[in-house]
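The opening residue of the sequence shown carries number 1 in the UniProt record's numbering; numbering runs sequentially from there. We treat Cβ as the ideally placed atom computed from N, Cα and C, and that holds for glycine. Contents: one structure, followed by commentary.
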Amino acid sequence: MKIFSAEQLYEADKITIEKQQITSEALMERAGTQIFNWLHQRLNGTPVPIRIFCGIGNNGGDGLVVGRMLIEHGYNVIVYVVNCSDKRSKNFLINYDKIKNVTKKWPLLMKGESDFPEINPEDIIVDAIFGIGLNRCPGGWVKKLIQYLNESKAFKLAIDIPSGLYSNLPLEDTEAVLKANHTLTFQTPKLSFFLPETASFVSNFDVLEIGLDIEFLQTTEPIGQLISKLEAQRFYKPREKFDHKGTYGHTLIVSGSYGKMGAAVLSTTSAYRIGAGMVTAFVPKCGYAIIQTTIPEAMVITDKEDDYLSNISFDFEPSAIGIGMGIGKNDTTVAAFKKILQNKDIPFVIDADALNILSENKAMLKLLPKNSILTPHPGELKRLIGEWKNDYEKLEKTKKFSEKYEVVVIIKGAYTITVYGDKLYINTTGNPGMGTAGSGDALSGVITGLLSQGYDALLASVFGVYLHGRAGDIAAGQLGYEAVMAGDVIDNLSEAYLDLFVREELSSEESAEK
Ligand SMILES: NC(=O)C1=CN([C@@H]2O[C@H](COP(=O)(O)OP(=O)(O)OC[C@H]3O[C@@H](n4cnc5c(N)ncnc54)[C@H](O)[C@@H]3O)[C@@H](O)[C@H]2O)[C@@H](O)CC1
Ligand SMILES: Nc1ncnc2c1ncn2[C@@H]1O[C@H](COP(=O)(O)OP(=O)(O)O)[C@@H](O)[C@H]1O
Ligand SMILES: [K+]
Numbered sequence: 001m002k003i004f005s006a007e008q009l010y011e012a013d014k015i016t017i018e019k020q021q022i023t024s025e026a027l028m029e030r031a032g033t034q035i036f037n038w039l040h041q042r043l044n045g046t047p048v049p050i051r052i053f054c055g056i057g058n059n060g061g062d063g064l065v066v067g068r069m070l071i072e073h074g075y076n077v078i079v080y081v082v083n084c085s086d087k088r089s090k091n092f093l094i095n096y097d098k099i100k101n102v103t104k105k106w107p108l109l110m111k112g113e114s115d116f117p118e119i120n121p122e123d124i125i126v127d128a129i130f131g132i133g134l135n136r137c138p139g140g141w142v143k144k145l146i147q148y149l150n151e152s153k154a155f156k157l158a159i160d161i162p163s164g165l166y167s168n169l170p171l172e173d174t175e176a177v178l179k180a181n182h183t184l185t186f187q188t189p190k191l192s193f194f195l196p197e198t199a200s201f202v203s204n205f206d207v208l209e210i211g212l213d214i215e216f217l218q219t220t221e222p223i224g225q226l227i228s229k230l231e232a233q234r235f236y237k238p239r240e241k242f243d244h245k246g247t248y249g250h251t252l253i254v255s256g257s258y259g260k261m262g263a264a265v266l267s268t269t270s271a272y273r274i275g276a277g278m279v280t281a282f283v284p285k286c287g288y289a290i291i292q293t294t295i296p297e298a299m300v301i302t303d304k305e306d307d308y309l310s311n312i313s314f315d316f317e318p319s320a321i322g323i324g325m326g327i328g329k330n331d332t333t334v335a336a337f338k339k340i341l342q343n344k345d346i347p348f349v350i351d352a353d354a355l356n357i358l359s360e361n362k363a364m365l366k367l368l369p370k371n372s373i374l375t376p377h378p379g380e381l382k383r384l385i386g387e388w389k390n391d392y393e394k395l396e397k398t399k400k401f402s403e404k405y406e407v408v409v410i411i412k413g414a415y416t417i418t419v420y421g422d423k424l425y426i427n428t429t430g431n432p433g434m435g436t437a438g439s440g441d442a443l444s445g446v447i448t449g450l451l452s453q454g455y456d457a458l459l460a461s462v463f464g465v466y467l468h469g470r471a472g473d474i475a476a477g478q479l480g481y482e483a484v485m486a487g488d489v490i491d492n493l494s495e496a497y498l499d500l501f502v503r504e505e506l507s508s509e510e511s512a513e514k
């Protein structure tokens, strides 16, 4: 699914109005109706107090539409206008009149703290204060209102975006953002829903289609792409009847040192589990028996050193090389890493200590073969690209890095982001259960194994991150977050593949539509 910027959404809005020959008021009615339907489907007439806080722009206008529809359906609704400015938008005013025509009185006007209403935990708060038109950080009593709402235990439903959050700009004041329990966002999710500094304000969201111009949506280059099952299904390359192990490539995993052989075991196993035809593990001598006994399917080549890597030589042409997991940063290992990078035609996955070696020897960055895949967690990324002031600066710096060295950079974490040039691919699978040692080693094996099978660097990255996260989700479903270990993620890679083609059960809403 595409992620558009606020500017692009305004453009889409404009084009839709022109092409569909509708008024902006009709578009707002569509948007408000979607929110109303969502609520009505769930509340089914329950007379719970619904308090709708409307700003004076179009987000407030949406709130007024929802309020009017709920009132017309007999709900217990109280509408407030957060009167932070006299510059009310045209469609706000139209709907301000319309709601008055229904209720025969104006909504409650809030002008300061003394107007804050008492809110009970059973109430529902609808946040329609600010949408994507936020142009400065909320201050004064409006900020206090947001804080007041945040303190309430009532369920908070944000329209389009939690008030105080920019759609695609850095946060200025964490105290001035509504912490929504659920967000109903129009047409496409917003980038700030997925970034570490802002995602916590969103927690859950649904995307509501409001019929924006299809051509615009299809042809406009988005600021990011969300990768879910639908996309992942398209990445999958089916196997042919007469394929054989040679078809799926010979992966080389260069990993391990004394005390860190687990990293080699995990990455070698995942390369196999994801479907590599053959996997050779290159390890220090101390790893020989470990690999041979834990993964009999793997071939092993050992370094001449017992405890660390010093000279990586092999007598076959690997289809992909994954390097760095648990290798340490011994001087001879650095030299060996430098030498192996001379294999310009082999796709590389570079992880863990190999990334740290690059950070400490920045001159080596220019030796990276084109389209190498780097898989840093935020700590490793910081060492590679330097500090950042906020998530957006981090993304910009990573894009520049990716463009300069012509590499794919995978920023790991919740909503792992794959950066390829100026493109962002945001993953939707994975969970906090994967915050466990070795799950990154599993990811490196997965991506290297996909490269081996002929997926290109970008596909192997994005698809690998998806499958790895999905395997983690399935593992967490069986074991609970706390008990998941990296091995469980690997054990569920098969389920992650199978799940690609399992049809989701339709929700009652969707079945009703069929
Ligand atoms: N295609 C779309 O994207 C559609 C958008 N709609 C709604 O329109 C919203 C955007 O509406 P607007 O552009 O009117 O903007 P908003 O309603 O988000 O708010 C902007 C208004 O608040 C003021 N404002 C901004 N920051 C402020 C601050 N910190 N303190 C005080 N006042 C502040 C602005 O000057 C402006 O008057 C969307 O979020 C969505 O809810 C829908 O109605 C229909 C379709
Ligand atoms: N909260 C989370 N949500 C989703 N994925 C997570 C979360 N925490 C960790 N992960 C995933 O687990 C992996 C951890 O990798 P890494 O930090 O390199 O671990 P290690 O070095 O111990 O193997 C990454 O793929 C990351 O995206
Ligand atoms: K809002």
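Does the Cβ of residue i lie closer than 7 Å to at least one heavy atom of ligand 3?
i: F130; result: yes
i: N59; result: yes
i: P162; result: yes
i: D206; result: no
i: D123; result: no
i: D127; result: yes
Relative to the C-alpha of residue i, which candidate in the options has its C-alpha closest?
i: residue 515; options: A320, I3, I274 and R273; result: Lying before the first or after the last residue shown, residue 515 is absent from the chain, which here runs from 1 to 514.
i: A352; options: D499, G326 and D473; result: G326
i: F316; options: K304, S310, D331 and N343; result: N343
i: K190; options: G224, T103 and P318; result: G224
i: N150; options: Y481, L178 and G472; result: L178
i: L424; options: G438, I159, I447 and E396; result: E396
i: Q187; options: G57, T375, L9 and S255; result: L9
i: C54; options: T46, K111 and A12; result: K111
i: M434; options: G421, G477, N330 and K404; result: G477
i: L165; options: A154, G287, S152 and G139; result: G139
i: A336; options: R383, S203, N311 and I290; result: N311
i: A128; options: A271, L145 and T333; result: L145
Using only the heavy atoms of ligand 2, determine whether one of them is closer than 7 Å to the beta carbon of residue i.
i: P196; result: no
i: residue 531; result: Nothing can be reported for residue 531, as the shown portion of the chain is limited to 1 through 514.
i: S439; result: yes
i: G328; result: no
i: M485; result: no
i: T416; result: yes
i: A352; result: yes
i: M434; result: yes
Is residue i near ligand 1, in the sense that its beta carbon is under 7 Å from a heavy atom of that ligand?
i: L494; result: The question names Leu, but residue 494 in the sequence shown is Ser. No, the beta carbon of S494 sits no closer than 7 Å to any heavy atom of ligand 1.
i: I159; result: yes
i: K366; result: no
i: V202; result: no
i: residue 520; result: Because the chain is modelled from 1 through 514, residue 520 falls outside the range shown and cannot be assessed.
i: R68; result: no
Using the three-state DSSP reduction, which class does residue i fall into: helix, strand or coil?
i: D13; result: helix
i: H250; result: strand
i: V484; result: coil
i: V207; result: strand
i: G262; result: helix
i: T280; result: strand
i: Q225; result: strand
i: R136; result: coil
i: F4; result: coil
i: A320; result: strand
i: G326; result: coil
i: L498; result: helix
i: A180; result: coil
i: T185; result: strand
i: D353; result: helix
i: R503; result: coil
Can you tell me whether residue i is buried or exposed? The criterion is at least 16 other CB atoms within 10 Å of its CB, across all chains shown.
i: K514; result: At K514, the pLDDT of 44 sits below 50, so the modelled position is not reliable; the number obtained from the coordinates is stated separately. Flag for K514 reads exposed.
i: A483; result: exposed
i: F501; result: exposed
i: Q34; result: buried
i: N44; result: exposed
i: I214; result: exposed
i: L109; result: exposed
i: P369; result: buried
i: N427; result: buried
i: H244; result: exposed
i: residue 549; result: The first residue shown for the chain is 1 and the last is 514, placing residue 549 beyond what the model contains.
i: A26; result: exposed
Is there at least one Cβ from chain D nearer than 8 Å to residue i's Cβ?
i: D391; result: Chain labels in this structure do not include chain D; a single protein chain is all it has.
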